[in-house]
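Here's the structure we're looking at; comments come further down.
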Amino acid sequence: MDMTGIAATDIQAAGFSPERIGKIGTVMQRFVDRGVLPGLITVVARHGKIAHLECFGVTDIESQTPMRPDAIFRIYSMTKPITAVATMMLVEDGLIQLNDPVCRYIPAFKDTKVFVRHTEQGVELADLQRDITVHDLLTHTAGLSYGFFDDTPVDEMYRQARLMTNSDPMPLTLEAMVTRLASLPLVHQPGTVWRYSVAHDVLGHLISVVAGMPFDQFLSERVFTPLGMADTGFYVPDDKLSRLVTLYSATASGAFIKAPKTSIWRDPKRAPSGGGGLVSTAADYLRFAQMLLNGGVLDGVRLLSRKSVALMTRNHLSAGMLPFAVDARYPELGYGYGLGVGVLMNAAEAEELAGEGMYYWSGAAKTRWWNDPSEDLIGLMMAQVLTPTRLPEVEAIKTVFRTLVYQAIED
């Protein structure tokens with residue numbers, strides 16, 4: 038696929054109205070002009086053809102550097118689908134199974150307990166009713182947490198253990214982080230509740246143990262190099278640093294403050310976080326997305342079977358776990374969760390134009406991606422703003438972008 042510009046793309050061959058898809062640029066520019074985001078990139082592809090690619094605003098407010106198509110973004114939790122694909126590759130290699138106990142590969146989880154309550158005598162813990170499985174990690178049902186989305190006693194233990202910090206998503210080595218994590222209690226019994234968590238970081242360590250190589254090396258050799266994702270990795274080398282978009286934190290009033298998070302992304306020795314550590318470009322992530330939409334293959338290179346992709350992208354949660362919610366205040370109505378991705382189950386309940394079976398995920402700094410198999414369509418938005426809570430105008434961009442994509446379809 039060509040990322041050099043829309044002039045190389047036959048919009049009508051992709052089944053879009055050129056006039057109607059042009060609304061995306063008009064509306065996204067309006068958001069930037071109003072100061073909702075400093076800059077962003079939006080991409081739409083259908084039937085393997087790019088129908089829209091546009092850059093808006095700037096990569097840095099102070100220098101006013103224009104946004105560029107090859108800009109590098111911290112994709113945070115959009116790392117998770119990539120880690121899930123890597124895990125499924127090991128399943129297809131016959132090295133692990135989804136129902137395998139995690140403690141088979143990471144013995145520290147043999148002694149993990151479940152938090153019950155605080156008592157005058159201390160913390161009351163319970164034994165596991167069953168082991169955490171690989172499937173539990175992929176579906177966020179392992180009983181793990183994150184330490185900053187919720188305020189349970191276990192989340193406080195995570196914060197005290199400094200598993201993750203505001204300045205670094207992985208201040209420890211990957212093995213040290215997972216070992217420390219396993220010594221802390223679970224929030225709930227495995228397989229009983231969906232809770233957003235560090236599970237994909239555990240998967241990263243599990244992959245390194247099973248594959249016999251560092252997690253970042255596995256991704257490079259088995260995913261990024263085969264797919265031609267040359268700008269995706271866990272750090273930005275000096276010769277690419279000028280392309281790294283400045284990360285901002287938005288205040289409740291909408292002001293942008295430069296976030297002090299650039300230095301860690303320059304360190305090739307930083308621990309590879311399978312839950313949120315990657316940087317990437319729109320072009321690279323589009324190739325990953327197209328591979329999934331094609332059923333596991335891109336340009337003749339197959340990473341996964343069509344059946345594995347189908348398994349990943351269907352709901353795995355029981356009715357009692359739905360609706361799932363990253364933040365309990367904002368349940369994902371109409372959605373289920375697969376292996377590393379959210380899945381649209383009921384378009385009416387979700388108030389979505391997308392087809393049921395659409396799957397997606399987002400990153401903390403306002404990156405968002407979705408694949409819609411019913412329309413053979415990919416949508417991708419890349420920005421770099423962290424928000425302390427959901428700011429209505431910022432959240433609206435993601436919804437409006439998706440609406441503008443679907444209203445432009447003609448065939």
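Just so you know, the working numbering puts 432 at position 395 of the sequence shown, and the rest follows in order with no gaps.
We put the CB at the ideal spot given by N, CA and C, even for glycine.
Please read these numbers as outputs of a predicted model, since none were measured by experiment.
Note down, in chain order, each residue of its chain lying with its Cβ closer than 7 Å to the Cβ of GLY265, except the 5 sequence neighbours on either side.
Position 228 of the sequence shown, counted from the start, is the residue given in the question as residue 265. Taken in chain order, the residues that qualify are ARG324.
Would you identify the three-state DSSP class for MET40, choosing helix, strand or coil?
Counting from one through the sequence shown, the residue named residue 40 turns up at place 3. Note that MET40 has pLDDT 42, beneath the 50 cutoff, so the model's placement of it is unreliable and no number is given.
ALA296 to THR283, Cα distance in whole Å?
Your numbering for residue 296 matches position 259 in the sequence shown. Your numbering for residue 283 matches position 246 in the sequence shown. If I take the Cα positions, the gap works out to 8 Å.
State yes or no: is the C-beta of ILE112 within less than 9 Å of the C-beta of SER317?
Reading the sequence shown from its first residue, position 75 is the one you call residue 112. Reading the sequence shown from its first residue, position 280 is the one you call residue 317. Yes. Within cutoff.
Quick one: Cα of SER234 to Cα of VAL69, how far?
If you number the sequence shown from 1, residue 234 lands on position 197. If you number the sequence shown from 1, residue 69 lands on position 32. Between the alpha carbons of SER234 and VAL69 lies a gap of roughly 32 Å.
Which residues in the same chain have their Cβ closer than 6 Å to the Cβ of LEU181, if we skip the five residues on either side of it in sequence?
Position 144 of the sequence shown, counting from 1, holds the residue named residue 181. The answer, listed in chain order, is SER234, VAL235 and ALA236.
I'd like the list of long-range same chain contacts for THR440, defined as Cβ closer than 8 Å, with 5 residues on each side in sequence excluded.
Locating residue 440 in the sequence shown gives position 403, where the first residue counts as 1. The residues are LEU390.
Would the stretch 96 to 112 and the stretch 142 to 154 be scored as touching if the rule is three or more Cβ pairs under 8 Å?
no
Could you give the DSSP three-state label for ALA121: helix, strand or coil?
Within the sequence shown, numbered from 1, the residue matching residue 121 stands at position 84. Helix.
Is it the case that the stretch 415 to 430 contacts the stretch 275 to 294, given that we only count it when at least three CB pairs across the two stretches are under 8 Å?
Result yes; three or more Cβ-Cβ pairs closer than 8 Å.
According to DSSP, is VAL316 helix, strand or coil?
Taking the first residue of the sequence shown as position 1, residue 316 is located at position 279. The answer is strand: DSSP assigns VAL316 an E or B state.
Hey, is the stretch 385 to 402 in contact with the stretch 358 to 371, meaning 3+ C-beta pairs nearer than 8 Å?
yes
Assuming LEU315 and GLN327 are in contact, meaning their beta carbons sit under 8 Å apart, how far apart are those beta carbons, in whole angstroms?
As a position in the sequence shown, residue 315 is number 278, starting the count at 1. As a position in the sequence shown, residue 327 is number 290, starting the count at 1. Actually they are not in contact, since the Cβ atoms of LEU315 and GLN327 sit about 17 Å apart, beyond 8 Å.
Inter-residue spacing [alpha-carbon to alpha-carbon] between LEU256 and ILE119:
In the sequence shown, the residue the question calls residue 256 occupies position 219. In the sequence shown, the residue the question calls residue 119 occupies position 82. Each residue's Cα considered, the two are about 8 Å apart.
So, at 6 Å on beta carbons, what are the nonlocal neighbours of ASP321 in its own chain, with the 5 sequence-adjacent residues on each side left out?
As a working mapping, residue 321 is identified with position 284 in the sequence shown. Cβ within range, chain order: MET266, ASP268 and THR269.
Between the C-alpha atoms of ASP253 and PRO309, what's the straight-line distance to the nearest angstrom?
As a first step, residue 253 is located in the sequence shown; it is residue number 216 there, counting from the start. As a first step, residue 309 is located in the sequence shown; it is residue number 272 there, counting from the start. Each residue's alpha carbon lies about 6 Å from the other.
Could you tell me the distance, in whole angstroms, from the CA atom of GLY62 to the CA atom of TYR397?
Within the sequence shown, numbered from 1, the residue matching residue 62 stands at position 25. Within the sequence shown, numbered from 1, the residue matching residue 397 stands at position 360. Looking at the two C-alpha atoms, the distance is approximately 22 Å.
Spatial distance of MET40 from THR149 (CA atoms):
Sequence index remark: in the sequence shown, residue 40 carries index 3 (1-based). Sequence index remark: in the sequence shown, residue 149 carries index 112 (1-based). Since pLDDT at MET40 reaches only 42, below the 50 mark, its modelled position is unreliable, and no value is offered.
Among PRO305, ARG303 and VAL437, which one has its Cα closest to the Cα of VAL64?
Here the question's residue 64 lines up with position 27 in the sequence shown. Closest by alpha carbon: VAL437.
Is the Cβ-Cβ distance between LYS117 and GLY377 less than 9 Å?
Walking along the sequence shown from the start, residue 117 turns up at place 80. Walking along the sequence shown from the start, residue 377 turns up at place 340. Yes; because the gap between Cβ atoms is below 9 Å, this pair is in contact.
Specify the secondary structure class of GLN254 as computed by DSSP and reduced to three states.
For the purposes of this step, residue 254 is identified with residue 217 of the sequence shown, where counting begins at 1. In this structure, GLN254 counts as helix in the three-state DSSP scheme.
Assigned exposure category for LEU218 - 16 Cβ within 10 Å defines buried:
The residue given as residue 218 occupies position 181 in the sequence shown. Classification of LEU218: buried, given that the 10 Å Cβ count is 16 or more.
Have a look at LEU209 and MET125 and give me their C-alpha separation to the nearest angstrom.
Within the sequence shown, residue 209 is the residue found at index 172, counting from 1. Within the sequence shown, residue 125 is the residue found at index 88, counting from 1. Each residue's alpha carbon lies about 26 Å from the other.
Note down, in chain order, each residue of its chain lying with its Cβ closer than 7 Å to the Cβ of VAL273, except the 5 sequence neighbours on either side.
Within the sequence shown, the letter at position 236 stands for residue 273. Closer than 7 Å at the Cβ level, and outside the excluded window around VAL273, lie ILE109, LEU281, TRP302, ARG303 and VAL316.
Roughly how many angstroms lie between the CA atoms of ILE58 and PHE152, to the nearest whole one?
On the sequence shown, position 21 is the one that residue 58 refers to. On the sequence shown, position 115 is the one that residue 152 refers to. Rounded to whole angstroms, ILE58 to PHE152 spans 51 Å at the Cα level.
Taking ARG232 as part of the alpha helix (DSSP H), name the residues at either end of that continuous run.
Locating residue 232 in the sequence shown gives position 195, counting from the first residue. Per DSSP, ARG232 belongs to no alpha helix (DSSP H) and is neither H nor E.
VAL422 bridges to which residues according to DSSP?
Stepping through the sequence shown from its first residue, residue 422 is reached at position 385. BP columns for VAL422 point to TYR285.
Is ARG439 helix, strand or coil when you go by DSSP?
Here residue 439 corresponds to residue number 402 of the sequence shown, with the count starting at 1. Helix at ARG439.
Determine, using beta carbons only, whether MET194 and PRO222 come nearer to each other than 9 Å.
The residue you call residue 194 lines up with position 157 of the sequence shown. The residue you call residue 222 lines up with position 185 of the sequence shown. Between MET194 and PRO222, the C-beta gap is smaller than 9 Å, which places the two residues in contact.
Taking the straight line between their C-alpha atoms, what separation do you get for VAL139 and GLY416?
In the sequence shown, residue 139 corresponds to position 102, counting from 1. In the sequence shown, residue 416 corresponds to position 379, counting from 1. Taking the straight line joining both Cα atoms gives about 34 Å.
Check the C-beta distance from PHE53 over to GLU430 and give it rounded, since I have them as a contact under 8 Å.
On the sequence shown, residue 53 is found 16 positions in, with the first residue counted as 1. On the sequence shown, residue 430 is found 393 positions in, with the first residue counted as 1. The pair is not a contact, with the Cβ atoms about 26 Å apart (cut-off 8 Å).
Starting from the Cα of ILE78, find the closest Cα among ARG67, LYS86, LEU90 and GLY72 and give me that residue.
Here residue 78 corresponds to residue number 41 of the sequence shown, with the count starting at 1. Ranking ARG67, LYS86, LEU90 and GLY72 by Cα distance to ILE78 puts LEU90 first.
For ALA45, three-class secondary structure by DSSP
Here residue 45 corresponds to residue number 8 of the sequence shown, with the count starting at 1. Low local confidence applies: a pLDDT of 37 at ALA45 is under 50, so the model's placement there is unreliable, with the coordinate-based value given in what follows. Helix.
What runs of the alpha helix (DSSP H), each 4 residues or longer, lie entirely inside the stretch 159 to 199?
171 to 176 and 190 to 198
According to the Cβ coordinates, are VAL215 and VAL247 closer than 9 Å?
For the purposes of this step, residue 215 is taken as the residue at position 178 of the sequence shown. For the purposes of this step, residue 247 is taken as the residue at position 210 of the sequence shown. In this structure, VAL247 does not lie closer than 9 Å to VAL215 by Cβ.
Please state whether the Cβ-Cβ distance between PRO305 and PHE271 is less than 9 Å.
Within the sequence shown, residue 305 is the residue found at index 268, counting from 1. Within the sequence shown, residue 271 is the residue found at index 234, counting from 1. Cβ atoms of PRO305 and PHE271: closer than 9 Å.
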